[in-house]
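Position 120 (the sequence shown) corresponds to 586 in the numbering used here; numbering is contiguous.
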Amino acid sequence: MGLGTWQFGEDSERREEEIATIRLGIDLGLTLIDTAEMYGDGRSEMLVGEAIEGRRDDVFIVTKVYPHNASRRAMHTACNQSLQRLRIDVIDLYLLHWPGEVPLGETVQAFEDLQRDGKIRHWGVSNFDLKVMHALQSTRGGSAIQTNQVLYNLARRGIESDLLPWLRKQRIPVMAYSPIEQGRLLKARGLVEFAKQHAMTPAQVALAWLLAQDGVIAIPKTGNRERLKENASALEHPLSAAHLHELDSLFPPPKGPSPLATI
Ligand code: NAP
Numbered sequence: 467m468g469l470g471t472w473q474f475g476e477d478s479e480r481r482e483e484e485i486a487t488i489r490l491g492i493d494l495g496l497t498l499i500d501t502a503e504m505y506g507d508g509r510s511e512m513l514v515g516e517a518i519e520g521r522r523d524d525v526f527i528v529t530k531v532y533p534h535n536a537s538r539r540a541m542h543t544a545c546n547q548s549l550q551r552l553r554i555d556v557i558d559l560y561l562l563h564w565p566g567e568v569p570l571g572e573t574v575q576a577f578e579d580l581q582r583d584g585k586i587r588h589w590g591v592s593n594f595d596l597k598v599m600h601a602l603q604s605t606r607g608g609s610a611i612q613t614n615q616v617l618y619n620l621a622r623r624g625i626e627s628d629l630l631p632w633l634r635k636q637r638i639p640v641m642a643y644s645p646i647e648q649g650r651l652l653k654a655r656g657l658v659e660f661a662k663q664h665a666m667t668p669a670q671v672a673l674a675w676l677l678a679q680d681g682v683i684a685i686p687k688t689g690n691r692e693r694l695k696e697n698a699s700a701l702e703h704p705l706s707a708a709h710l711h712e713l714d715s716l717f718p719p720p721k722g723p724s725p726l727a728t729i
């Protein structure tokens with residue numbers, strides 16, 4: 467499990483608590499931090515940079531480049547700006563935020579340039595459906611991809627019919643974004659009742675369910691230390707096969723392929 471940071475740095479009154487939450491997350495072992503140049507127009511990256519001050523070696527930084535910056539020239543500039551905001555020398559994992567107009571071959575070359583220059587360690591993608599994944603795999607250098615970050619949670623199981631099994635076969639981890647559906651999932655009656663019966667909170671069930679899925683990383687966002695502790699303790703509540711079966715009846719897996727959902 468890692469830390470999401472969408473909307474971080476956008477409200478000055480929440481800033482201190484957001485920084486404290488990231489620092490607590492690192493202490494609790496949630497050392498993968500996900501951000502993007504898009505979030506708050508760079509303000510999320512700046513806040514992350516401040517929060518990880520003095521702890522660079524403890525964290526794994528994931529950030530994302532806009533599709534319109536995915537050419538060789540523009541990505542070079544965008545990456546330098548992200549590095550500056552994050553106050554680090556190298557990005558651990560740099561993702562293309564969603565598929566865009568720049569040909570995939572050029573984007574892969576841009577990632578390779580940055581790797582050669584020591585500015586990024588690894589690269590990956592986000593919001594790629596199976597068709598675009600196939601196109602990427604047939605692009606020269608495309609098989610070096612390290613993750614596909616997509617919308618995935620108990621209420622959004624569409625990727626299970628085609629994308630997820632394919633990614634598992636290729637041994638490409640999935641990074642599940644909006645793992646509690648931006649908070650909306652926590653009100654689902656079935657989940658609330660299940661959580662009560664098993665002495666967990668709805669957020670812990672939703673996160674433990676994702677962590678039980680092979681090859682899946684969850685990146686919940688909270689800017690509140692109490693909720694962070696609640697979310698992190700999902701790691702201490704692994705779900706049994708019987709629990710997973712019960713959750714399947716409350717939130718059924720897809721019956722067939724559907725277009726990739728996004729938020
Ligand atoms: P999320 O993590 O599913 O939900 C975040 C919301 O839930 C926040 O409003 C948060 O409020 C609240 N929350 C968190 N824990 C809670 C708890 N235990 N009880 C009650 N409320 C709780 O949604 P997300 O932010 O959309 O997704 C997570 C991360 O994935 C993002 O932050 C971002 O890093 C990434 N993401 C990527 C993409 C992409 O296109 N690649 C798209 C969306 C998101 P508080 O902060 O007030 O606690």
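For glycine and all other residues, C-beta sits at the position ideal for the given N, C-alpha and C.
Asked                                                                                                                                     : Found
Please confirm whether L676 and P720 have their CB atoms less than 8 Å apart.                                                             : no
Does the beta carbon of N593 fall short of 7 Å from some heavy atom of the ligand NAP?                                                    : yes
Nearest to M541 by CA position, among R553, I518 and I586, is which residue?                                                              : I586
Is N535 near the ligand NAP, going by C-beta to nearest heavy atom under 7 Å?                                                             : no
Going by CA-CA distance only, name the one from S715, P668 and D714 that's closest to E696.                                               : P668
Mapping the DSSP letters down to three states, classify H664 as helix, strand or coil.                                                    : coil
Residues in its own chain within less than 6 Å of V598 by CB, not counting five upstream and five downstream?                             : P565
So does G754 have its beta carbon nearer than 7 Å to some heavy atom of the ligand NAP?                                                   : Given a span of 467 to 729 for the chain in the structure shown, any question on residue 754 remains unanswerable.
How close, in whole Å, do the beta carbons of S510 and G468 come, if the pair is a contact with beta carbons under 8 Å?                   : Their Cβ separation, rounded to whole angstroms, is 14 Å, which puts S510 and G468 out of contact at 8 Å.
Among the residues of its own chain, which have a CB less than 6 Å from the CB of G508, if the five just before and after it don't count? : R551
Pull up the distance between the alpha-carbon of L694 and that of A536, whole angstroms please.                                           : 33 Å
On a Cα-Cα basis, can you pick out the residue from R553, N593, W632 and R606 that is closest to A576?                                    : R606
What residue range is occupied by the uninterrupted alpha helix (DSSP H) comprising V574?                                                 : L570 to R582
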